[in-house]
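In the working numbering, the protein residues as written are 1126 to 1392.
Just below is one structure, and these are the notes that go with it.
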């Protein structure tokens, strides 16, 4: 009896394992829904205009994709969510431009986030992994972003990366960040505050221009970052908090001195 029970248990485990293997090897989406490159590495175009969600990780073919191609999901108004598989390294130019996408999971495998990848999309929130060192020009420009988290490891935000994200309310930047490009957050009128991490050495021209709700900026760098121009933000910003030991350095700096009346020690 004991041996019989053991045999039944073993058979159950084998059946479950076989079932899981079959599930992991199935095509979740018919091949007619999309177009791949000849080698199956590039998702060139999503063809089914009625698709609302895509989980690349669960599809035997899509999980082998390494590049989401140029305009692969562009103008797909019905697409709502995409889970990008963990073999993808590149999200190409305009991959999701003018799409209806609201949710996306970007894995740590992605190292290239190209220009306008999610621009003019309905994306509401995003976490950008630290594997992406450089966020491309206008990558999220004119999108519907409300919440933005940039992971530790990202070093550069290109020009206009988040320009005209008019619903943006919350931004979290990593200590690894070094450079924020021209107009990176240009016209983000609902952003109330932002903290610039300690290792940032460059702030581009008009980086926060048009951010009319931006009352407080917290600057963590000990030494004043280099400015792309004299115009980082407008008179909407009432307080610029800097390290207590650096107040005089900022106030007497050739470029930062124009904001001397707003520069104060961090509370």
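From the three backbone atoms N, C-alpha and C, an ideal C-beta is built for every residue, glycine too.
Checklist entry - Name the DSSP bridge partner or partners of residue 1159? => result Here residue 1159 is taken as the residue at index 34 of the chain shown, counted from 1. 1171, per the DSSP bridge assignment.
Next on the checklist: Taking the beta strand (DSSP E) that residue 1373 belongs to, which residues open and close that run?
Outcome noted: On the chain shown, residue 1373 is found 248 positions in, with the first residue counted as 1. Careful: residue 1373 lies outside any beta strand (DSSP E), inside the alpha helix (DSSP H) at 1372-1377.
Next on the checklist: Less than 8 Å between the beta carbons of residue 1305 and residue 1341, yes or no?
Outcome noted: For the purposes of this step, residue 1305 is identified with residue 180 of the chain shown, where counting begins at 1. For the purposes of this step, residue 1341 is identified with residue 216 of the chain shown, where counting begins at 1. Not in contact: residue 1305 and residue 1341 (Cβ atoms no closer than 8 Å).
Checklist entry - Going along the chain, which residues of its own chain have a beta-carbon closer than 7 Å to the beta-carbon of residue 1177, five neighbours each way excluded? => result Residue numbering aside, residue 1177 sits at position 52 when the chain shown is read from its first letter. The residues are 1203, 1204 and 1205.
Item to check | residue 1201 burial status per 10 Å Cβ neighbour count (16 or more: buried) | outcome: Counting from one through the chain shown, the residue named residue 1201 turns up at place 76. So residue 1201 ends up on the buried side.
Next on the checklist: I need the straight-line Cα distance from residue 1289 to residue 1382, nearest angstrom please.
Outcome noted: Taking the chain shown and counting its residues from 1, one reaches residue 1289 at position 164. Taking the chain shown and counting its residues from 1, one reaches residue 1382 at position 257. About 28 Å.
Next on the checklist: Tell me the DSSP secondary structure of residue 1227 in three-state form.
Outcome noted: Locating residue 1227 in the chain shown gives position 102, counting from the first residue. Coil.
Item to check | Rounded straight-line distance, which links the Cα of residue 1350 to that of residue 1390 | outcome: Start at 1 with the first residue of the chain shown, and residue 1390 comes out as number 265. Start at 1 with the first residue of the chain shown, and residue 1350 comes out as number 225. Each residue's alpha carbon lies about 16 Å from the other.
Checklist entry - Helix or strand or just coil, what does DSSP make of residue 1337? => result The residue labelled residue 1337 in the question sits at position 212 within the chain shown. Note: residue 1337 maps to coil in three-state DSSP.
Next on the checklist: What does DSSP give as the partner residue(s) for residue 1364 in the beta ladder?
Outcome noted: The residue you call residue 1364 lines up with position 239 of the chain shown. Note: residue 1364 sits in a beta bridge opposite 1341.
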